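Enquirer:
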Amino acid sequence: MIELPIYGQDNTLPAAEEGPILGIDLGTTHSLVAVFQHGRPRVLTDEQGDPLLPSVVAYPEQASHNQPSAVGREAREQASTNPTRTIHSVKRLIGRSLKDLGHELATLPYQLASAEDNDGVRIVLGDLHLTAEEVSSHILTACRERAAAALKMAPQSLQRAVITVPAYFDDAQRQATRTAARLAGLEVLRLVGEPTAAALAYGLDKREQAKIVVYDLGGGTFDISVLELADGVFRVLSTAGDTHLGGDDFDRVIMVDCAEEIRRLHGFDALADPESRTKLRQIAEQVKKTLSVQEETEFRFSHAASETEYQRKIDWRMFQRWIAPLVQRTLDHTALALKDAGLRPEDIDEVVLVGGSTRVPLVKAAVAQFFGRPAHDELDPDQVVALGAAIQAGILGGAVRDALLLDVTPLSLGIVTADGTVSRVIERNASIPAQAKEGFTTYVDGQTAIKFTVVQGEREMAADNRTLGEFELRGIPSMPAGLPQVAVQFLLDANGMLQVKAKEQSSGIEAKIEIAPKHGLTDEQVETMLQEAWDHADQDLELRRRAEVKSRLDQVMIAVTKHLEQAKTSLGESEWQRLQEAYEDAQAIDEQTTVEGIRGRLDELEQAANPLAQLLMNDVAMEAVRDQKVSDLLDK
Ligand code: ADP
Ligand code: MG
């Protein structure tokens with residue numbers, strides 16, 4: 050449920066990839082592709098103006114390579130003549146093993162085999178063995194091609210996408226979806242939860258806080274999600290649903306009832322004949338859709354070979370009676386989801402309808418009755434998720450300003466310190482908005498400016514992380530090194546804007562930088578970075594410790610050198626002796642010296658320099674720091 054924020058510099062992606070970011074709703078039944086343009090999200094259509102791309106892929110007879118013969122409407126239309134080589138609902142398979150699928154296997158018209166090299170499944174079409182990722186990638190490729198045609202751009206210029214996934218998708222399913230995208234030549238900038246996308250489409254992120262229910266009744270699946278919006282951050286409180294409940298079931302009840310009558314009247318078993326069955330289902334779906342806008346329609350079916358001519362009036366009352374138990378089941382799941390979230394229907398502020406099947410008047414009425422309020426249906430329920438994906442794409446592309454970006458930070462944000470290590474200010478996985486403060490000081494005497502480099506990442510050394518920006522605090526009053534107290538504040542707001550402010554306390558001078566959220570880091574890059582941090586954790590830690598201790602020692606040595614004259618005249622004989630020796634030992638440090646070795650000499654030098662520190666403090670009359678050690682002065 051964690052949605053990753055993206056930061057970056059302009060130079061993090063090759064310029065050639067700067068085409069629009071696609072927002073893709075990769076659905077079980079239909080997929081859609083949208084973009085954010087001219088200040089608004091827009092779903093792209095095919096040449097006929099159809100925004101829906103059936104998630105159906107057909108493979109040629111006896112093909113041994115994995116190139117589809119048709120994708121989308123064309124594939125669906127030829128499904129009845131080529132049922133065993135036409136794959137639909139591949140979303141049910143993605144990221145799942147044969148074991149996960151269980152009884153689902155029986156419902157699939159094609160054969161599945163277990164993959165040899167991993168847990169995944171293979172769809173077996175004769176000699177051709179396909180992974181769900183490959184089939185999904187063919188749908189995504191079709192989305193990309195549709196976008197290229199609609200935008201009159203080369204497909205190669207469309208390389209980045211935001212893709213939606215069900216809120217309940219686990220890591221394996223999300224990872225497999227990313228793989229599918231990669232196979233289609235798309236880099237996934239973000240996977241967004243479908244309910245979150247729907248809420249974005251309705252602009253609900255503009256609310257201060259709200260409890261939102263997203264009711265998504267599609268073709269074959271029902272998902273109910275309870276979201277909480279607080280300070281621009283969406284959280285999924287609960288999800289429930291049924292992976293085998295949807296508009297297809299509405300079609301089926303019509304189809305079965307009519308097929309039954311056809312058998313009785315004409316003695317023809319239409320369900321037993323694959324071609325007639327497909328035809329019946331298509332007619333049933335049309336009847337259902339008509340009943341969403343009309344009170345009555347006709348079911349007409351003819352079959353030449355059996356001399357069947359069938360015609361029947363169906364009105365919305367009959368249809369409602371047929372589907373009432375199915376609609377009731379959606380409400381039962383809804384009640385469960387609410388219970389899981391610890392909420393009652395009256396606690397819900399916004400209800401959003403998603404999925405083509407929410408056009409059915411009975412569904413709308415049932416949901417409204419359940420919550421005691423009308424649900425949002427102003428947007429096209431087929432398009433809501435894709436529109437939300439495009440808005441997210443707009444946010445990542447920098448086109449949408451005042452919008453929610455993230456709910457947790459995926460990587461830590463910090464400042465590079467003088468020794469080249471990173472001081473993390475906001476930790477990874479902090480929920481946003483977030484703010485944190487950290488104290489810094491000068492490195493050399495009389496230093497009047499400090500350069501701050503803001504980085505993102507988990508590695509200990511600055512160079513291994515990603516630089517987000519730099520700024521300088523100038524005009525610091527001239528003081529001995531380590532005395533100025535500079536407070537650095539990180540403010541990460543819900544829009545993903547990061548503001549870093551540095552303020553020198555005694556003078557009140559300030560400097561700041563604002564870093565806008567940008568595309569740049571893909572989830573994968575985030576993962577790679579995390580993996581690298583993990584792989585190098587020990588080595589990094591060693592390097593960091595060494596760098597820190599060494600830097601501290603250098604500072605003490607610098608301070609001591611500055612005041613050698615004074616030390617010689619003002620310190621007692623033994624004090625001077627000790628300081629001299631400690632200083633020489635510190636000077637003798639080289640590459641071979643261990644961290645412990647450096648630390649030992651640092652401790653000794655600090656102690657030896659303590660009497661000198663007392664003298665210095667009197668000189669600068671620093672009341673407040675009288676009881677501190679020199680090292681505290683040097684390194685705040
Ligand atoms: P998915 O998210 O599972 O891909 P969709 O949200 O695209 O599914 O919904 C597809 C379902 O919506 C199909 O069962 C389709 O018949 C149904 N549907 C589309 N338009 C209407 C309508 N006007 N009335 C009733 N059902 C509709
Ligand atoms: Mg859907």
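All residue numbers for the sequence shown refer to the working numbering, where the first residue is 50 and numbers rise by one.
Just so it is clear, CB atoms sit at the ideal spot from N, CA and C, and this is done for glycine as well.
Nothing here was measured: the structure is a model prediction, and the numbers come from that model.
So for Glu633, helix, strand or coil by DSSP?
Expert: Correct three-state label for Glu633: helix.
Enquirer: Identify which residue in Glu344, Ala373, Pro374 has its Cα closest to the Cα of Ile363.
Expert: The shortest C-alpha separation from Ile363 is found at Glu344.
Enquirer: Classify Arg408: buried if its beta carbon has 16 or more other beta carbons within 10 angstroms, exposed otherwise.
Expert: The residue is buried, with at least 16 neighbouring Cβ atoms inside 10 Å.
Enquirer: Please determine whether the Cβ atom of Asp431 lies at a distance below 7 Å from any heavy atom of the ligand ADP.
Expert: True, at least one ligand heavy atom lies under 7 Å from that Cβ.
Enquirer: Is it the case that the CB of Gly234 approaches a heavy atom of the ligand ADP more closely than 7 Å?
Expert: No, the Cβ of Gly234 stays beyond 7 Å of every heavy atom of the ligand ADP.
Enquirer: Are the Cβ atoms of Leu240 and Thr226 separated by less than 8 Å?
Expert: Yes; because the gap between Cβ atoms is below 8 Å, this pair is in contact.
Enquirer: What are the start and end residues of the beta strand (DSSP E) that includes Ser472?
Expert: Per DSSP, Ser472 belongs to the beta strand (DSSP E) from 471 to 475.
Enquirer: Give the secondary structure of Ala64 by DSSP, where H, G and I count as helix, E and B as strand, and everything else as coil.
Expert: At Ala64 the pLDDT is 38, less than 50, meaning the model places this residue with poor confidence; the figure from the coordinates comes in the next sentence. If DSSP states are grouped into helix, strand and coil, Ala64 belongs with the helices.
Enquirer: Under a Cβ-count criterion, where at least 16 other Cβ atoms within 10 Å of its own Cβ denotes burial, should Gln604 be classed as buried or exposed?
Expert: So Gln604 counts as buried.
Enquirer: With the cut-off set at 8 Å, would you say Glu77 and Gly269 are in Cβ contact?
Expert: A small correction: the amino acid at residue 77 is Thr; Glu does not occupy that position in the sequence shown. Cβ atoms of Thr77 and Gly269: closer than 8 Å.
Enquirer: Which residues share a DSSP beta bridge with Arg361?
Expert: Bridge partners of Arg361: Phe348.
Enquirer: Return helix, strand or coil for Asp513, following the three-state DSSP convention.
Expert: DSSP places Asp513 in helix when its eight states are reduced to three.
Enquirer: Kindly list the residues whose CB is nearer than 6 Å to the CB of Trp365, restricted to its own chain and excluding five residues on each side of it in sequence; keep chain order.
Expert: Counting only Cβ-Cβ distances below 6 Å, and skipping sequence neighbours, we find Leu340, Glu344.
Enquirer: By alpha-carbon positions, which one of Val598, Tyr632, Val170, Ala662 ends up nearest to Thr643?
Expert: Of the listed residues, the one whose Cα sits closest to Thr643 is Val598.
Enquirer: Quick test of the definition: if touching needs 3 or more C-beta pairs under 8 Å, does the region 432 to 448 touch the region 461 to 475?
Expert: At 8 Å Cβ cutoff, the stretches do not touch.
Enquirer: Given a cut-off of 8 Å, decide if Leu541 and Leu532 are closer than it, judged by their beta-carbon atoms.
Expert: Result no, Cβ atoms of Leu532 and Leu541 do not sit closer than 8 Å.
Enquirer: May I have the straight-line CA-CA distance separating Leu329 from Glu126, to the nearest angstrom?
Expert: Computed Cα separation, rounded: 13 Å.
Enquirer: Would the region 91 to 109 count as touching the region 190 to 203 if we require 3 or more Cβ pairs under 8 Å?
Expert: Judged by Cβ distances under 8 Å, the region 91 to 109 makes contact with the region 190 to 203, as three or more pairs qualify.
Enquirer: In three-state DSSP terms, what is Ala662?
Expert: Note: Ala662 maps to helix in three-state DSSP.
Enquirer: What does the alpha-carbon distance come out to for the pair Leu147 and Thr180?
Expert: When rounded, the distance between both Cα atoms is 12 Å.
Enquirer: What distance in whole Å lies between the Cβ atoms of Asn115 and Glu183, which are believed to be in contact at a cut-off of 8 Å?
Expert: Their Cβ separation, rounded to whole angstroms, is 6 Å, which keeps Glu183 and Asn115 in contact under 8 Å.
Enquirer: Give me the Cβ distance between Ala415 and Gly72, rounded to the nearest whole Å; I'm assuming they're in contact under 8 Å.
Expert: That pair is no contact at about 30 Å.
Enquirer: For the alpha helix (DSSP H) holding Gln335, just list the boundary residues, first then last.
Expert: Segment 323 to 339, the alpha helix (DSSP H) holding Gln335.
Enquirer: Where Gln42 and Gly175 are concerned, what is the direct C-alpha to C-alpha distance, given to the nearest angstrom?
Expert: With the chain covering 50 to 685 only, the question about residue 42 has no answer from this structure.
Enquirer: If you compare alpha carbons, which of Glu309, Glu347, Gly443 is closest to Phe85?
Expert: The candidate whose alpha carbon is nearest that of Phe85 is Gly443.
Enquirer: Considering Cα atoms alone, identify which of Glu519, Asp634, Gln626 is closest to Leu661.
Expert: With distances taken between Cα atoms, Leu661 lies closest to Gln626.
Enquirer: Between Ala119, Leu150, Pro109, which has its C-alpha nearest Leu177's C-alpha?
Expert: Closest by alpha carbon: Pro109.
Enquirer: Candidates Ala467, Glu487, Ile475, Asp513: which alpha carbon is nearest Lys500's?
Expert: Closest by alpha carbon: Ala467.
Enquirer: Report all residues from its chain with a CB closer than 6 Å to the CB of Gln369; omit the five preceding and five following residues, and keep chain order.
Expert: So the list reads Leu411, once near-sequence residues are dropped.
Enquirer: How many angstroms separate the CA atom of Asp676 from the CA atom of Gln641?
Expert: Low local confidence applies: a pLDDT of 43 at Asp676 is under 50, so the model's placement there is unreliable, with the coordinate-based value given in what follows. One C-alpha to the other measures close to 35 Å.
Enquirer: Output the distance between the C-alpha atoms of Leu453 and Gln258, rounded to the nearest integer angstrom.
Expert: Model confidence at Leu453 stands at a pLDDT of 42, short of 50, so the residue's coordinates are unreliable; what they give is reported in the following sentence. Going by the C-alpha atoms only, they are around 12 Å apart.
Enquirer: Mark Asp681 as exposed unless 16 or more other C-beta atoms lie within 10 angstroms of its C-beta, in which case mark it buried.
Expert: The predicted model places Asp681 with a pLDDT of 43, which falls under 50 and marks its position as unreliable, so this point remains unresolved.
Enquirer: Thinking C-alpha only, which one of Ser186, Leu387, Thr94, Asp634 is nearest Ile136?
Expert: For Ile136, the nearest C-alpha among the options comes from Ser186.
Enquirer: Do Ala199 and Leu93 have their beta-carbon atoms positioned less than 8 Å apart in this structure?
Expert: For Leu93 and Ala199, yes; Cβs fall inside 8 Å.
Enquirer: Here's the rule: buried if 16 or more other CB atoms are within 10 angstroms of the residue's CB, otherwise exposed. What is Pro69?
Expert: So Pro69 ends up on the buried side.
Enquirer: Check whether the Cβ atoms of Tyr264 and Val403 sit closer than 8 Å, and answer yes or no.
Expert: Yes, Cβ-Cβ distance for Tyr264 and Val403 is below 8 Å.
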